[in-house]
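According to the numbering used here, the sequence shown is numbered sequentially starting from 489. Below: the structure, in structure tokens.
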Amino acid sequence: MLPKNYPLGNRSRSPDIARQLKIWVAQHFDVGEDGFVSVMELKCSVPDCPPAETVLLAFRGDGATFEGRVHAALQDVRETDIIVAFREPRRVDGPKG
489 MLPKNYPLGN RSRSPDIARQ LKIWVAQHFD VGEDGFVSVM ELKCSVPDCP
539 PAETVLLAFR GDGATFEGRV HAALQDVRET DIIVAFREPR RVDGPKG
């Protein structure tokens with residue numbers, strides 16, 4: 489296990505980095521036993537935005553989906569970024585009906 493707030497390595501370790509980010513999301517946001525986390529790095533096209541952002545989706549077993557975003561490349565995300573991103577995550581699944 490990496491120490492808290494460890495700046496994650498380089499791009500060649502992307503699967504390891506994504507795995508660690510998923511662990512941090514699960515530790516700081518209740519995904520539930522049937523839930524899972526998805527991690528994606530996207531290019532940011534908004535003016536004055538860093539060139540990359542990391543999007544984290546927490547899928548709960550009850551069907552609810554929550555999104556957290558970090559305006560940094562995958563390898564630059566720290567545990568504190570995850571905590572902030574999921575302090576008030578955005579619900580993205582819409583109403584069921």
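Beta carbons: idealized from backbone N, C-alpha and C, even for Gly.
Taking 8 angstroms as the cut-off, the Cβ atoms of Ala-560 and Thr-542 count as close. Excluding the 5 residues flanking it on each side, Cys-537 has same chain C-beta neighbours closer than 8 angstroms at His-559, in chain order. Per the Cβ contact rule, the segment 547-554 is in contact with the segment 513-528 (3 or more Cβ pairs under 8 angstroms).
Rounded to whole angstroms, Phe-574 and Glu-555 show a C-alpha spacing of 8 angstroms.
Ala-552 is positioned such that its CB atom lies closer than 8 angstroms to that of Asp-581. Under DSSP, Glu-567 forms no beta bridge with any residue.
Along the length of the segment 510-581, whole beta strand (DSSP E) runs at least 3 residues long occupy 524-531, 540-547 and 553-558, reported in chain order.
Between the alpha carbons of Ile-571 and Arg-557 lies a distance of about 11 angstroms. The shortest C-alpha to C-alpha distance from Glu-567 to any of Glu-529, Pro-577 and His-516 is the one to His-516.
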